[in-house]
Each structure stands twice: as structure tokens, then as C-alpha cells.
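Under our numbering, the first residue of the sequence shown carries the number 1221, and numbering increases by one thereafter.
Quick notes on the structure that follows.
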Amino acid sequence: MLNLSSNDYLGLASRTDLRDAFLGELNDSGLSLSSSFSRLLTGNFAVYNELEQLIAERFGREAALLFNSGYHANTGILPALADKQTLVLADKLVHASIIDGILLSGTPYQRYRHNDYMQLEALLEKHAGQYEQVFIVTESIFSMDGDVADLRQLVELKKRYPNVLLYVDEAHAIGVRGRNGLGIAEEQSCIPDIDLLVGTFGKAVASMDAYLVCSRVIREYLINCMRPLIFSTALPPAQIAWTRFVFERLPEFEAERQRLAEMSGLLADALRGQGGEVSGSHIIPYIIGENDACILRAEELQRKGFYCLPVRPPTVPKGTARIRFSLTAQVTEEQLGELIRILGQKNMSI
Ligand SMILES: *Cc1c(COP(=O)(O)O)cnc(C)c1O
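Here it is in C-alpha cells:
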């Protein structure tokens, strides 16, 4: 089947040329396959600091910090930085890992309607004065709708208050968007204004681990206070070297990014009226509504050679069960044409 449910957005995870070149380098490097401890004890290796420095340089920021995964990052950052004098204002559709981080922090929080910055503005006006610090938390490309946050507007909003910080998760955008593949923050020219810029290397970057781009002070603070960083064995140096190998090359994958954008436009256009129009990215929802109908349609598409999966509540709001297409740069126009033709057959088998 053609995989239309992959997070390997640029097709890099299956590139044997990259893999072979890397394995040659790895053999010569003598890097270990285990770190054998947390970074705070004996698990820190030079390659970690080198990659952090490279990330900070590429983003043009003071500092970066690596974590074992995006889940570690999102469940560790807010609990370390927030306290009872903190308010978190999060988009209604943020990822489960962010919600877990908010809950673990025990801090007061409110969710604003998805991408509704009018409501966010009203919440800030009402509450910002009552707390020492406020975090606005959002994704850049949203996991289930594929729509894109207006980060510049969020920056403009947060700048009106001295105590408001902006936290953005670029899990689906790193590698895929921006001139150098640095994400939506690069595309919208607001990297310097985002206090906490998070992303994972497990998706388009074809590796593991995650990063935070931030100030030096926040980095130092997290090293001292962030539990998932302190109490978990660090990833193997060899894995970090692979992340560095791919991350270093991100600017070179412009052709893949363009292709992905073109293919995404084709499918989103075809799904206008059925969910496609909300997407502004390579994640394209095909909203069916009822759970059973959604499962049947996914099975039908699978029988016809397209591996796509039904996504149901509670992952998405009730009544919006959908097939979540996530495209990669390897999908061809021909394959998409066939998919679009099948989607257009009104009654498939249901
Ligand atoms: C996938 C994802 C994560 C988790 O990242 P992992 O590295 O897989 O743990 C975090 N946030 C968002 C928005 C994601 O889509």
C-alpha cells in the first residue's frame, strides 16, 4: 500500500544514500550506541553540545537544549518553569504531550478556541495583570487539521505585556517549512520573538530527540530543574550524531519541500468542502463525521492500496471523525490522481 499516514514528510527516513553516508562516518567516529546515564551525570557527550550549538547558530539564538523526545520536552518544560503565580493560555487543539505538561505543572490554565486570537486577547486583557507570568502555548502546524497558526499575530499580542511568554511547538513544521527548513517561525520571520521554540526530530528530520530554542537563562534553569532531562538516560551519542547529520543538511532539501507543498495543494483542493480547505500544510483532513462511516471509508481506501487511518474522538472533537492524510515528498502526482479519483466516487461501498 502507499503510506499516506507517515510522519517521514521529506522521505528522509527511507533514503539509503543518507543512511550509508552516515554509517561510514559513524564507523570512523567511534561514537557509542549507549550513553549509559543521564546527561547530568556521566551521560553527556561532546556531540550533544555540538548539536545544541549548531541548532542555536542556525536559529540565530542564544541557546538550544536537547531532550530525548518531543513528549519529554512538552511534559518537562512547563512543570519546570511554571508555578502557582503562572497562568497558561493554550490553544484548544494542542497536542496531548502539551496538555500533560500543563496538568503536571499544576498551574492554573485556560484553553482558548482554536486559533481564536480575539478570545486570547480578551483573556490576556482580563488576566495578565493578575499573574507574575503568562504562557501562550500553541502548535505551529496543528496535528489533526493541518492548519497553521499566525505566529506573527501571537508575537504582536504577547509583546503588549511584559510578563507574557510565547511557547510554540513546531513538531510538524521543522524540516518542512521555511527557507532553511527551520519551520513556520522561519517562514513567518519571527524566530527571535518566540521565547520557547520546541520541535521534535522524530518526524521530518527522520531521527529521534527534540530541541528547545530559548535564552541562555532558560536553558540553564531547565538543566537544573527539568525532571525528564535529569531523571532519564540520555539518547545514544550515535543517535544524536544522526540527528546532526540530517539537521545540518536541512537547507539542501528545498526541492523536497516544494514538491510536498505542490502535492499538498492538489489534495487539499480536491477535498474542498470535505475538510481539505482548512489545511495549510501537508496534513490534510478528510472529514467524514461519524465514526463508523469513517472506519469503513478508511478500510475501503486500504483495500484500494492507500494506507490511511481513521482518526476519531477523543483525538479529534466529536462528530468530526476523519481520515488524516499526511503526505510525504515521495508521493507522485499520478498516485494522488488515483486517490482523488477514488475519493470522488460518491458511494464507494458505504
Ligand atoms: C509528535 C508530536 C510530539 C511528540 O514528539 P515525539 O518526539 O514523538 O515524542 C509533540 N508535539 C506534537 C505537536 C507532535 O505532533
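The beta-carbon is built from N, C-alpha and C at its ideal position, and this holds for glycine as well.
Quiz item: Is the closest heavy atom of ligand 1 to the C-beta of E1270 under 7 Å?
Solution: no
Exercise. Count the other C-beta atoms from every protein chain shown that fall within 10 angstroms of the C-beta of S1569, then say buried if there are 16 or more, exposed otherwise.
Key: With a pLDDT of 48 at S1569, under the threshold of 50, the modelled position of this residue cannot be trusted; read the value that follows with caution. Classification for S1569: exposed.
Self-check item: Among E1482, S1546 and V1466, the one whose alpha carbon lies nearest that of L1240
Solution: In the sequence under discussion, the amino acid at residue 1240 is Asp, which differs from the Leu named in the question. Minimum Cα distance to D1240 is reached at V1466.
Self-check item: Backbone CA spacing between A1424 and V1388 [nearest angstrom]
Solution: 17 Å
Quiz item: Residues in its own chain within less than 8 Å of V1191 by CB, not counting five upstream and five downstream?
Solution: Within the shown structure, residues of the chain are numbered from 1221 to 1570, placing residue 1191 beyond reach of any answer.
Quiz item: Using DSSP with H/G/I as helix, E/B as strand and the rest coil, what is C1528?
Solution: coil
Self-check item: Three-pair Cβ contact test at 8 Å for the region 1370 to 1384 versus the region 1324 to 1341
Solution: yes
Self-check item: Contact set for Q1330: own chain, Cβ-Cβ below 7 Å, skip 5 residues either direction
Solution: Taken in chain order, the residues that qualify are L1309 and L1343.
Quiz item: Which residues in the same chain as L1313 place their Cβ atom closer than 6 Å to its Cβ, once the five residues preceding and following it in sequence are excluded?
Solution: Correct list, in chain order: H1334 and F1362.
Quiz prompt | Reference A1488; option with closest CA among A1481, E1482 and G1496 | solution = G1496
Practice problem: Please find out if some non-hydrogen atom of ligand 1 comes closer than 7 Å to the beta-carbon of N1247. | Solution: no
Quiz prompt | Rounded Cβ spacing between A1293 and C1434 (contact assumed at less than 8 Å) | solution = The pair is not a contact, with the Cβ atoms about 11 Å apart (cut-off 8 Å).
Practice problem: Note the first and the last residue of the continuous beta strand (DSSP E) segment covering E1359. | Solution: Q1353 to E1359
Quiz item: Among residues of its own chain, excluding the 5 on either side of F1242, which ones have a beta-carbon nearer than 7 Å to its beta-carbon?
Solution: W1462 and F1465
Quiz item: Does ligand 1 have a heavy atom nearer than 7 Å to the CB of Y1431?
Solution: The answer is no for Y1431.
Quiz item: So which of A1316, F1355, E1390 and L1253 has the shortest CA-CA distance to K1379?
Solution: F1355
Self-check item: Identified DSSP bridge partners for Q1330
Solution: L1309
Practice problem: Please classify R1275: does DSSP put it in a helix, a strand, or coil? | Solution: A small fix is needed here, since residue 1275 is Ile in this sequence, not Arg. If DSSP states are grouped into helix, strand and coil, I1275 belongs with the helices.
Exercise. Report the residue ranges of all alpha helix (DSSP H) runs contained in full by the region 1376 to 1409; include only those spanning at least 4 residues, in chain order.
Key: Taking only runs of at least 4 residues, the alpha helix (DSSP H) segments lying wholly in the region 1376 to 1409 are 1404 to 1407.
Self-check item: Nearest candidate by alpha-carbon position, reference R1542, set L1301, A1549 and P1533
Solution: That would be P1533, whose Cα lies nearest to the Cα of R1542.
Quiz item: Going by other Cβ atoms of all chains shown within 10 Å of its Cβ, with 16 needed for buried, is F1421 buried or exposed?
Solution: buried
Quiz item: Relative to the alpha-carbon of G1398, which residue among R1278, L1222, E1553 and V1437 has its alpha-carbon at the smallest distance?
Solution: R1278
Quiz item: Of the choices I1508, Q1408, L1301 and G1349, whose alpha-carbon is the least far from that of T1540?
Solution: I1508
Exercise. Look at the Cβ atom of V1267, then the Cβ atom of I1318, and state whether they are nearer than 8 Å.
Key: no
Quiz item: Does the region 1393 to 1413 come close enough to the region 1245 to 1252 to have 3 or more Cβ pairs within less than 8 Å?
Solution: no
Self-check item: 6 Å Cβ shell around E1553 - same chain, five flanking residues per side excluded
Solution: none
Quiz item: Anyone know if the C-beta pair for L1285 and L1402 falls short of 8 Å?
Solution: no
Quiz prompt | F1265 classed as buried or exposed, judged by whether at least 16 other C-beta atoms fall within 10 angstroms | solution = buried
Practice problem: Please confirm whether any heavy atom of ligand 1 lies closer than 7 Å to the CB of A1284. | Solution: no
Quiz item: Is DSSP giving I1318 helix, strand or coil here?
Solution: helix
Exercise. Compare the C-alpha of M1428 against each of D1370, N1223, N1227 and A1513 and name the closest.
Key: N1227
Quiz prompt | Classification of A1276 by the beta-carbon crowding that lies within 10 angstroms, buried from 16 upward | solution = buried
Quiz item: What's the gap between the Cα of L1470 and the Cα of A1490?
Solution: 30 Å
Quiz item: Helix, strand or coil for G1509 per DSSP?
Solution: strand
Practice problem: Taking S1289 and A1430 to be in contact with their CB atoms under 8 Å, please state how far apart those CB atoms are, rounded to whole angstroms. | Solution: 6 Å
Quiz item: Taking C-alpha atoms, which residue in S1234, T1295, L1232 and L1224 lies nearest to L1442?
Solution: T1295
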